[in-house]
Structure formats: structure tokens, C-alpha cells
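Residue 21 is where the sequence shown starts when you use this note's numbering, and the numbers rise one by one after that. Just so you know, even glycine gets a beta-carbon here, dropped at the ideal spot from N, CA and C.
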Amino acid sequence: MSWKASERLMDTIRHYANFPATGVSLRQMVQFGEKPSTGTLFRASQFLAEELPIRLAHRVQELHTLPDGLNDMPSVKKVADWYAQSFEEITTLPRPELSGQVRERLLRPSSFNNNGVAKMLSEAIPNPSLDEGQYASFNNGNGSSAGRKQQAARRYFAMVDDSNDWPPDLKAYNQKFSQTLKTIKRRHDGVVTTMAQGILEYKRKRQRMQIDHNIQSFLDRFYMSRIGIRMLIGQHIALTDQSHHRDPTYVGIICTKTNVRDLAEEAIENARFVCEDHYGLFEAPKIQLVCNPNLNFMYVPGHLSHMLFETLKNSLRAVVETHGQDKQEFPVTKVIIAEGREDITIKISDEGGGIPRSAIPLVWTYMYTTVDRTPNLDPDFDKSDFKAPMAGFGYGLPISRLYARYFGGDLKLISMEGYGTDVYLHLNRLSSSSEPLQ
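Laid out in C-alpha cells, this is it:
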């Protein structure tokens, strides 16, 4: 029997949706994770047990109030149910009974966590790639910036007493909480494809080629929020499991020494393989990489791989389709990676014919695609990302731009119709900008 939300649960969700989300910066996540004792993980679990339901509630509310009948599409309803079910699982998870002594220890900073670190943890600078409120929900209830700052300071990730003689209840709760997050993460694997299916259903029902500005803004908020939720969940699961297999350069899913050249080489290889496979080529167009082999910075390798792969795949497709599959030798696509004080910038230059100036804004809209017929989406297909097909869904660039903006970067596109396109991927290397809050 399929799961159904009760009226009581919906009341609780509406209540939680009135509270603001609390942003966390990449640097905060890393400082929290450098020494995750049982007590530290428990504090983080408590933070997430409060924070995730707020974020999930905002999304459920927004999915239920989408305009023009979009909220009635079967796939959209399915996604709303997934979010509501995850909300219920987190909020009904029993918390351990703590003695006064344990409570006091949990509030005591660890010997490592001096005042300087505590201060740094409690402050995240605004995200430089976003206008004020760009991804904010209409009913976010975020209140004044002073109120937000106070809340962030009250609830930052904190390292507590790092000795290991914590009661077994705490360890058991940490494991159970992590297990709950794994279940939720698996459930939400299909969100992007299922939501895309919902947009397709809507376009067919309304007989529209494009989606309007309001739905575009909603999808930006929705997918940005999803990146944030998955980041917090993925980081916490990895930190809980970290005791088993430790790579000193990793804190959860964040790598403190992400090697840009290695990731770029891997993305180039993957994009060329998919291109050869899709077009039946003996050899895909060549890609030249210019990058300092020792360029490392703190980032989430999974995010960077996704952005590089999607942008390279677009470039290769443009080159092959402009010059024809039978061409003996294609023009070389260039990838140049530069290191600045604030940003690491990756420029991808192709000779794939470019994009008409009038079509540039459409590149950032969901479900816009240059492929003749958008395929039906099988919800089980490649659940977590649109990685396998060469093209067809129109999600690659807009979602890659959200990944870039999530940690204060950006993705920009400059095109010369009749020649080719330059894509600029800016990555913020200061890693102290806060998440864009929903």
C-alpha cells in the first residue's frame, strides 16, 4: 500500500514551513568535520533533525501551491509525497534520554574548538553569486537579516568534548539517524527525473512548448534546495561512516585538496566516451587541457565532476553536429583553467557553431533542448543525474549553474553564432560564502 500524508502531518509541515532555513558554508562543514567525536556527531544530528524538516516543509508547501494546475500533475504529487514522508521520518525518530551531565558536556566546547574557530563557524558571508533573495521562497519567513544572523550563531555546527566515553545511547542514535538519512537519500534519488516528468506532463496537458517565468523560478529554487539538502545529508552520512575508511584529504564528501586537473581529465575522458558511444564515432573530437597540475582547492569533487561533464558534453555535441559525424578531423575544444585569488575559472571553448543571441536566455530554462523530441523519462533511469544521454532533457546547463552558485561560484556562456561558444565556470575558492537559502 502506498504511503499517504495524514492531515495532522500536513498541519505539522505547515507549522515548520514558517521557520527560516539556516545556511552553512563549505568552510563550516569542514571545520565541523575535522574531528568528529560521538558528541560532535550527536550535536550535528540535532542540528539536522531541526534543519532538514524546515527545508523539506518549505518544499512540500511550495509543491502543493504551484500555479496553473502544475501541482496536480501525478509526478509532482509523487515528489511532494516523498518530501512529506521524509519529513515524517526525521520528526518522528525517537531522541535519546540524556542526563543533565551529558547535556552539559554536549554544550561544552572541545579543547580544539577555541574561540576563534567558534566565531568563524558562526559567521558565513553572503553568497557573492546571488542577488538578495534570488532563490528565496515566497513564504520563507526568513525575517530580517539580524534575525537570521542570530539564528545562525545559535545553531552552528559545534565541536564538543572530544573524549570518547559517551553513553552508548548517543552512539546508537547517531547510527540510527545516519541510517534514516540513507533511506531518505535513496528515496530522493529520482527527484530530478520525476520532476522533469511532471513538467512534461504539464506541457502536454497545457499544449505549451516553453514553461513560464514563475515555473522557471520555482524550479531554480526547488533544485537549489535539493542540492543543499543532499549536501547536508551526504556530508553527515560520510562523517558518521568516516571512522572506517579515512582519507586525510577528505572531510565527509568535501575534499580539502581537490585536484582540478585530475577531475578535468576524468570528465574529458567520460564526455568523449559518451560522445563516441552516442554518435558511433571511432574517435570523439579532441579536447586540449591547459591547467597547473598542482592546482588544489577545497571543494566537493562530485559537484565539480558533474559541472565539467555536462558542459564538455554540450561542447562535443555542438562540434559533432556542426561539422558532421563523417568528418575525419574535428576542431579541438580547449579547456583552460586559471587560478585567481578569489576564483578558480575554467573556460571551455568550442568551435561548435555557436548559439543565436536570441536563444541564449533559453539555454538556462528547464526542458529547453535542441534535440528534436524530448524523450519520455523512465523514473528508474539514472536516478541521481542526467548523465548518460548525450542530450535530450534540457537540464544539463541550468542544474550545473545551480551547483556552481551553491558555493558562491557561477556559470556563464558567451557565444559567437557561426563559430562557437565559450563557457566560463567560476568556482569560489574562499569557501566561506553561505548557501543560498530557500
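In this structure, LEU445 sits near LEU431, with a CB-CB distance shorter than 8 Å. DSSP places GLN48 within a helical segment (H, G or I) once states are collapsed to three. Note on geometry: alpha-carbon atoms of VAL44 and ARG250 lie some 13 Å from one another. Annotated as distal: GLU349 and LEU315, with beta-carbon spacing of 8 Å or more.
In the three-state scheme derived from DSSP, where H, G and I count as helix and E and B as strand, THR85 is classed as coil. The alpha-carbon separation between GLU455 and ILE274 amounts to approximately 15 Å. Under the Cβ criterion (8 Å, minimum of three pairs), the region 273 to 287 does not count as touching the region 238 to 247. ASN448 has ASP363 as its beta-bridge partners, per DSSP.
Of the candidates PHE238, GLN105, LEU283, GLN105 places its Cα closest to the Cα of LEU29. Per the coordinates, the alpha-carbon of THR32 lies some 46 Å from the alpha-carbon of VAL294. ARG207 and TYR415 have their C-alpha atoms some 21 Å from each other. In this model, ARG228 and TYR222 are separated by some 8 Å (Cα to Cα).
Beta bridge pairing from DSSP links ALA358 with THR365.
In the same chain as LYS306, and ignoring 5 residues on each side of it, the C-beta atoms closer than 6 Å to its own belong to VAL352, in chain order.
Between LEU86 and VAL99, the C-beta gap is not smaller than 8 Å, which leaves the two residues out of contact. Taking all protein chains in view, the Cβ of HIS35 is surrounded by fewer than 16 other Cβ atoms within 10 Å, so the residue is classified as exposed. Distance from the Cα of ASP363 is smallest, within the candidate group HIS326, PHE238, MET318, for MET318.
SER435 is bridged by DSSP to THR441. By the neighbour-count definition (other C-beta atoms within 10 Å, threshold 16), LYS347 is an exposed residue. Residue pairing by DSSP places LEU309 opposite VAL355 in a beta bridge. Taking the Cα positions, ALA64 is about 9 Å away from PRO56. Contact between SER435 and GLU330 does not hold, since their C-beta atoms are separated by about 17 Å, which reaches or exceeds 8 Å. Here GLU296 is near GLU303, since their CB atoms are less than 8 Å apart. Here GLY438 is not near GLY344, since their CB atoms are 8 Å or more apart. Under the 10 Å beta carbon count, GLY120 is surrounded by fewer than 16 other beta carbons and is classified as exposed.
Residue state for ASN91 is assigned as helix, using DSSP reduced to three classes. Excluding sequence positions up to five before and after PHE197, its CB lies within less than 6 Å of the CB of SER65, all in the same chain and listed in chain order. Secondary structure remark: continuous alpha helix (DSSP H) runs of at least 4 residues inside the region 274 to 308, in chain order: 280 to 299. Proximity to ARG128 across ALA258, ALA338, LEU252, THR60 peaks at THR60, based on C-alpha coordinates.
In this structure, DSSP gives VAL80 a helical state, which the three-state scheme calls helix. In this structure, the CA atom of ARG115 is about 29 Å from the CA atom of GLY210.
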